[in-house]
RNA sequence: GUCUCCGUAGCUCAGUUGGAUAGAGCACAAGUUUCCUAAACUUGGGGCCGCAGGUUCAAUUCCUGCCGGAGACGCCA
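Residue numbers (the numbering used here): 25 to 611.
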């Protein structure tokens with residue numbers, strides 16, 4: 025269905041059109057001054073400027089045209105030329121009545137099943153997931169949900185880091201620690217053991233140690249690099265060991281992502297395009313795009329109008345190894361071949377902006393990406409500590425994602441034990457609620473920030489349940505569920521709703537949803553959904569506190585309020601689903 | 001050095017193509033429960049929107065310079 029704002033914009037735009045002015049000036053928005061009006065149009069000022077006329081005179085001619093419309097109870101010009109509009113309760117009620125039977129809550133589908141691929145998550149094999157992985161995962165997953173709901177065919181790919189230098193560090197270190205392992209015997213031709221020889225705990229211990237060592241010891245670094253090249257040329261023992269790394273890591277990742285309610289359609293990694301690299305580079309060399317430079321094979325992507333140094337994309341290092349730019353380029357090739365997407369979105373740390381610009385340019389330049397394919401890097405900001413530097417725990421290490429989740433769950437469980445409503449619930453039910461509360465807290469705390477800016481990580485805030493938090497939204501939703509159950513709510517079709525002073529603000533909040541989702545889709549900004557969900561929940565809570573629904577004597581009024589409450593619940597469910605938050609039945 | 005992003009209340013953050021009186025949470029102060037879940041509600045104090053210019057009827061928003069913070073800049077990811 026057409027949103028109320030679109031309908032109003034159409035009416036006012038028509039008035040502009042009748043005056044020979046571009047209809048787009050008739051854009052109507054929610055009023056910034058609810059004390060003066062419900063809606064406003066600022067187009068008269070912009071139109072007057074373009075036509076060099078007095079804005080109030082333009083506004084005057086527009087509102088003349090609108091006077092005959094019976095749906096407006098108030099039409100006024102204010103300030104320099106704002107057109108303030110207020111609807112009659114009948115008109116507002118009519119629209120909200122229609123909205124009750126729309127299962128999309130009034131939100132239109134903008135997509136036409138175009139395929140959009142999203143690259144997010146990007147955890148590394150052989151490294152435990154820490155809080156830094158949170159952003160990419162949940163922002164990417166939310167954008168995927170938003171686009172899917174909006175009518176696009178989305179494909180989310182985890183794109184694991186499974187082929188880089190850290191693999192060489194791990195393998196070479198294990199070889200130093202256990203030279204006798206069969207994986208390191210080059211003459212061995214038999215099968216390798218099935219049982220894992222390493223654990224996540226080993227990864228946690230080994231990786232930081234070797235990584236630090238390689239920074240200070242060039243010889244040790246050389247050995248790691250050598251191991252990468254050997255791995256990439258599929259030395260049997262190394263490859264078998266690497267397969268173990270992947271299996272172990274996948275298990276751990278899946279546990280984390282299941283807990284976070286983050287979904288991927290594809291579980292691919294850099295390795296998956298390995299066999300595409302050699303033919304791709306060969307082809308690029310043949311066509312003159314890839315050339316040798318300082319011993320490496322590169323694609324020059326500098327443009328004449330660049331106002332800064334623009335390094336080439338390196339496909340092969342001088343030692344023959346490939347870099348993540350190489351795999352990223354090959355991945356674009358693979359995605360175009362297999363999915364022919366309209367867009368590919370990369371939800372990756374914004375510090376990699378230059379890297380993606382290089383890859384995108386190379387892809388376009390060489391034709392690996394077709395002209396019309398939209399490649400966008402959605403770079404999110406760094407998670408900093410209170411000191412403004414990248415977040416570290418007090419001990420100086422990283423905070424593991426699963427540790428943060430269990431801290432939140434623990435805290436939620438304590439709260440549930442105190443709650444009256446949770447009396448009589450089983451252990452499992454309580455655990456389930458605690459998990460949902462913890463995830464809601466963590467995800468909402470992160471997603472309510474606009475993703476592009478750096479933000480300060482605060483564990484206490486991530487696991488806080490009061491105020492503008494995920495659990496607050498769950499709480500309001502659960503209260504509505506409980507109300508509807510107690511009141512034995514059943515929907516009533518074609519209910520005639522006439523707004524009253526008690527519920528008018530709530531109704532106005534309910535009709536905002538389509539515009540909110542529209543902004544989120546166009547800009548890839550989940551935080552506007554969080555913001556609106558909170559506003560809606562708060563408006564409901566205020567209404568709920570002032571209006572006792574169950575004891576309302578007029579059955580028609582009671583039904584209207586239940587219907588409105590139900591709409592709030594539907595919208596909260598939708599909004600929270602779009603940011604990947606699940607609502608429990610009780611809490 | 002070059003380029004990019006950021007600077008809004010004590011703290012953490014919103015602020016849509018430039019619009020009216022710049023918002024929210026936390027923290028602080030005061031109040032609300034015989035009544036649908038108090039993880040709630042109501043009220044209050046709190047701001048040179050980093051600084052200085054410019055464009056405009058109108059600038060937190062656009063342009064320029066400066067100050068402060070973060071980041072990127074050919075063989076790590």
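Each residue gets a CB set at the ideal place from its N, CA and C atoms; glycine is no exception.
At the level of alpha carbons, what is the spacing between residue i and residue j?
i	j	result
residue 211	residue 374	45 Å
residue 25	residue 550	23 Å
residue 528	residue 127	22 Å
residue 376	residue 465	28 Å
residue 607	residue 129	18 Å
residue 370	residue 165	11 Å
residue 346	residue 564	56 Å
residue 153	residue 222	17 Å
residue 48	residue 459	47 Å
residue 242	residue 301	28 Å
residue 539	residue 560	14 Å
residue 477	residue 462	24 Å
residue 149	residue 533	45 Å
residue 415	residue 232	16 Å
residue 204	residue 218	17 Å
residue 457	residue 367	37 Å
residue 157	residue 289	18 Å
residue 185	residue 173	29 Å
residue 75	residue 34	21 Å
residue 237	residue 430	32 Å
residue 98	residue 89	13 Å
residue 489	residue 441	15 Å
residue 239	residue 255	21 Å
residue 412	residue 43	55 Å
residue 406	residue 499	30 Å
residue 385	residue 294	20 Å
Just curious, the beta strand (DSSP E) that residue i is in, first and last residue?
i	result
residue 96	96-102
residue 401	398-404
residue 611	Here residue 611 belongs to no beta strand (DSSP E), and DSSP marks it neither H nor E.
residue 178	177-181
residue 316	314-317
residue 373	367-373
residue 305	No beta strand (DSSP E) contains residue 305, which is instead part of the alpha helix (DSSP H) from 298-310.
residue 142	139-143
residue 468	From DSSP, residue 468 is part of no beta strand (DSSP E) but of the alpha helix (DSSP H) over 451-471.
residue 53	52-54
residue 380	Counting along the chain, residue 380 falls outside any beta strand (DSSP E), though it belongs to the alpha helix (DSSP H) covering 377-390.
residue 337	337-340
residue 107	106-111
Within its chain, find whatever has a CB closer than 6 Å to the CB of residue i; leave out the 5 residues flanking it on each side and keep chain order.
i	result
residue 319	342
residue 176	135, 138, 140
residue 612	In the structure as shown, the chain starts at 25 and stops at 611, and residue 612 therefore has no counterpart that could be examined.
residue 181	143, 290, 292
residue 326	334
Beta-carbon within less than 8 Å of residue i's beta-carbon, same chain only, minus the 5 sequence neighbours each way: which residues are those?
i	result
residue 170	541, 544, 545, 548, 550, 553, 602
residue 2	Any property of residue 2 remains undetermined from this structure, which presents the chain solely from 25 to 611.
Assuming residue i contacts residue j (C-beta within less than 8 Å), just tell me the rounded distance between them.
i	j	result
residue 305	residue 315	So it is not a contact: roughly 11 Å between Cβ atoms.
residue 336	residue 317	7 Å
residue 64	residue 56	7 Å
residue 220	residue 267	At roughly 10 Å, the Cβ-Cβ gap does not stay under 8 Å, so residue 220 and residue 267 are not in contact.
residue 360	residue 394	7 Å
residue 567	residue 526	7 Å
residue 508	residue 557	Contact flag wrong, Cβ pair sits at about 19 Å.
residue 39	residue 86	5 Å
For residue i, which residues of its own chain have a beta-carbon under 7 Å away from its beta-carbon, when the five flanking residues on both sides are left out?
i	result
residue 79	68, 69, 72, 104, 105
residue 162	284, 286, 467, 470, 471, 604
residue 504	589, 592, 593
residue 401	370, 372, 377, 380
residue 260	none
So the alpha helix (DSSP H) residue i belongs to, where does it begin and stop?
i	result
residue 255	242-256
residue 60	From DSSP, residue 60 is part of no alpha helix (DSSP H); its letter is neither H nor E.
residue 477	It is not in any alpha helix (DSSP H) - residue 477 carries neither H nor E in the DSSP assignment.
residue 322	Premise fails: residue 322 lies in the beta strand (DSSP E), 320-323, not in any alpha helix (DSSP H).
residue 189	189-201
residue 73	67-75
Checklist entry - Touch check for the stretch 591-601 and the stretch 270-278: three-plus C-beta pairs under 8 Å? => result no
Checklist entry - Using 8 Å as the Cβ pair cut-off and three pairs as the minimum, do the stretch 577-588 and the stretch 515-523 touch? => result yes
Checklist entry - So does the stretch 119-126 actually touch the stretch 245-257, counting three or more Cβ pairs closer than 8 Å? => result Cβ pair count under 8 Å is below three, so no.
Checklist entry - Is the stretch 409-429 close to the stretch 477-488, with three or more CB pairs under 8 Å? => result yes
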